[in-house]
Amino acid sequence: MAPRPARSFTLVATGDIISHGAVADRAATAAEGTGSGWDFTPLFGRVRPILAGADLALCHLESPLSRRDDDLSFRGTFRVPSTLADAIADAGYDGCSLASNHSLDSGPSSVTATLHHLHRVGLATTGMAEAADAAGPAWYEPGGIRVAHLSVTDLLNGRDLPMDPPWMVPHLDVDRVVADARAARYAGAEFVVVSVHWGEEYRADPTDRQRTAGRRLLAAPEVDLVLGHHAHVVQPVERLDGDALAYGLGNFLTNQPGDAANPCRSCPPETQDGLIAWFQVRADDSGAAIVDAGYVPTWVDREHDHQVVPIGVDDPDHLDPEALAASAARTAAVVEPSLRRLELTAG
Numbered sequence: 011m012a013p014r015p016a017r018s019f020t021l022v023a024t025g026d027i028i029s030h031g032a033v034a035d036r037a038a039t040a041a042e043g044t045g046s047g048w049d050f051t052p053l054f055g056r057v058r059p060i061l062a063g064a065d066l067a068l069c070h071l072e073s074p075l076s077r078r079d080d081d082l083s084f085r086g087t088f089r090v091p092s093t094l095a096d097a098i099a100d101a102g103y104d105g106c107s108l109a110s111n112h113s114l115d116s117g118p119s120s121v122t123a124t125l126h127h128l129h130r131v132g133l134a135t136t137g138m139a140e141a142a143d144a145a146g147p148a149w150y151e152p153g154g155i156r157v158a159h160l161s162v163t164d165l166l167n168g169r170d171l172p173m174d175p176p177w178m179v180p181h182l183d184v185d186r187v188v189a190d191a192r193a194a195r196y197a198g199a200e201f202v203v204v205s206v207h208w209g210e211e212y213r214a215d216p217t218d219r220q221r222t223a224g225r226r227l228l229a230a231p232e233v234d235l236v237l238g239h240h241a242h243v244v245q246p247v248e249r250l251d252g253d254a255l256a257y258g259l260g261n262f263l264t265n266q267p268g269d270a271a272n273p274c275r276s277c278p279p280e281t282q283d284g285l286i287a288w289f290q291v292r293a294d295d296s297g298a299a300i301v302d303a304g305y306v307p308t309w310v311d312r313e314h315d316h317q318v319v320p321i322g323v324d325d326p327d328h329l330d331p332e333a334l335a336a337s338a339a340r341t342a343a344v345v346e347p348s349l350r351r352l353e354l355t356a357g
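Mapped onto my numbering, the consecutive letters of the sequence shown carry residue numbers 11 to 357.
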C-alpha cells in the first residue's frame, strides 16, 4: 500500500476567559441600543484574525454561563452573561475546555447552562458533561487529522475530588487521563490534546505537582499536547520529541489585576499578560507530531475597552508602547525559546 500523503494543521490555544463584573460592564456598554444586553464581540476584535486564521482554535472558559441572564454573579461564584458564548464563537474558536475550579459554582446548573449556550452557538466542549454517555473528548478534524481534546481539573471550589459523579467535571488523575487518551486513540484520534486546570494562582514557576503530572503526561505516547490553566500568569513551556507541555497560558480576557472598584490585591501586573500559543502539527504514516511552535503575546486593555491586544500585531494608538513592550518582554522571558514569537501583521 502506498504511503498516505503528509497532512498538517495549525492549532492555537489561549488562556483563561473570565467575565469579571468590569468585563461584563464593557459588554453592556457595547450592547447599548441593540437590545441584546451584553455584547462581548468587540473585546475579541483585534485577536479575531489570528484565531479565525488557524485550522483549530481552542479556548478555556473558566466562568460558567447563566441560563437566562437573570441571576448573574461575578465574584467568587460565577454566572456570567450567556452572550459570551456568541462572542467566543464569533472570535473564531472551534471549541472550549471547561473543567476548572469554578465548574460547579452553582452546582449541576452551571454545567447545564454552560453547555446549552456553547452548543447553541456550535462550539465543541470538553470538561463538563450532563450524563456519563456524553462525557469524553471533543473531536475535530483539521487538515484531515483526527484530533481528540480532553479537559480535567485539579481543583474544584468547595468540593472534594474526585467528585460524584466523576464524569460531570473530570479531575486530574494521570493514569485515568492517559487511559482516556488511549481510548481516544482506539477511537481514531491521531493527535490528543489535554487541557489541565492546575497549579497555584499568580505563580509563574510551576508547582512540583504540575511538573510531576505534566511530565508524566508529556512522556505518555498517547498524549501529544498539554495546555495548562488557572495560575492567571504565563508559565513555561517544555517540548519533547514532537510533543509540548504549556504549564500555563496566563489570562486571555479578565479584569485582573483589578481596579479601584474591583480590587485584586494579590494580583501582580503579570495577570494582564497572556499569549496565543500556536502549534503546527504534521501527520504521516509514522504518526502526528508538533513540528513548529510559536506565540503572540497579548495584553488586556482594561482601562479603555477591555479589548485583548495582540502585541506587535494590532496595537491601539491610544496605548503606551512602553507598557505593551514591558508585557511582551515578561511573556518572552517565560516562554522563549520553547516558543518563538510569531511575526504577524494586522488583518
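The C-beta atom is built at its ideal place from N, Cα and C for all residues, glycine as well.
Would you mind working out which of Arg192, Asp311, Val345 and Leu160 sits nearest Pro246, comparing C-alpha positions?
Measuring from the Cα of Pro246, the nearest candidate turns out to be Val345.
For the beta strand (DSSP E) holding Asp283, just list the boundary residues, first then last.
Judged by DSSP secondary structure, Asp283 falls within the beta strand (DSSP E) whose first and last residues are Asp283 to Asp294.
With a floor of 3 residues, list each beta strand (DSSP E) that falls wholly inside the region 132 to 220, ordered by position along the chain.
Listed in chain order, they are 134 to 136, 148 to 150, 157 to 163 and 201 to 207.
According to DSSP, Ala303 sits in a beta bridge with which residue or residues?
According to DSSP, Ala303 bridges with Phe289.
I'd like the list of long-range same chain contacts for Asp49, defined as Cβ closer than 6 Å, with 5 residues on each side in sequence excluded.
Result list for Asp49: Ala37, Ala40 and Ala41, in chain order.
Gly102 lies in the alpha helix (DSSP H); which residues open and close that run?
Segment: none, Gly102 is in no alpha helix (DSSP H) and carries neither H nor E.
Is DSSP giving Asp26 helix, strand or coil here?
Asp26: strand per DSSP, three-state reduction.
With H, G and I counted as helix, E and B as strand and the rest as coil, what does DSSP make of Leu53?
Reduced to three states, the DSSP call for Leu53 is helix.
Can you tell me whether Pro180 is buried or exposed, with buried defined as 16 or more other CB within 10 angstroms of its CB?
Label assigned to Pro180: buried.
Could you work out which residue in Val131, Gly154 and Gly105 is closest to Met138 when comparing CA atoms only?
The shortest C-alpha to C-alpha distance from Met138 to any of Val131, Gly154 and Gly105 is the one to Gly105.
As a quick exercise: from Val244, Ala148, Asp218 and His242, pick the residue whose alpha carbon is nearest that of Val203.
Checking every option, the nearest Cα to that of Val203 belongs to Ala148.
Please tell me whether Tyr305 and Arg351 are closer than 8 Å, where the distance is taken between their beta carbons.
Going by C-beta atoms, Tyr305 is nearer than 8 Å to Arg351.
Whole-Å CB distance - Asp79 paired with Pro91, under 8 Å assumed:
Sure, about 5 Å apart at Cβ, within 8 Å.
Checking the sheet assignment: what are the DSSP bridge partners for Thr308?
Under DSSP, Thr308 shares a beta bridge with Gly284 and Pro320.
Classification of Leu237 by the beta-carbon crowding that lies within 10 angstroms, buried from 16 upward
Under this definition Leu237 is a buried residue.
Whose C-alpha, out of His316, Ser83, Ala32 and Ser120, is nearest the C-alpha of Asn272?
Of all alpha-carbon atoms in His316, Ser83, Ala32 and Ser120, the one lying nearest the alpha-carbon of Asn272 is that of Ala32.
For Val243, the three-state DSSP class (helix, strand or coil):
In this structure, Val243 counts as coil in the three-state DSSP scheme.
So, are the CB atoms of Leu263 and Val310 less than 8 Å apart?
Here Leu263 is near Val310, since their CB atoms are less than 8 Å apart.
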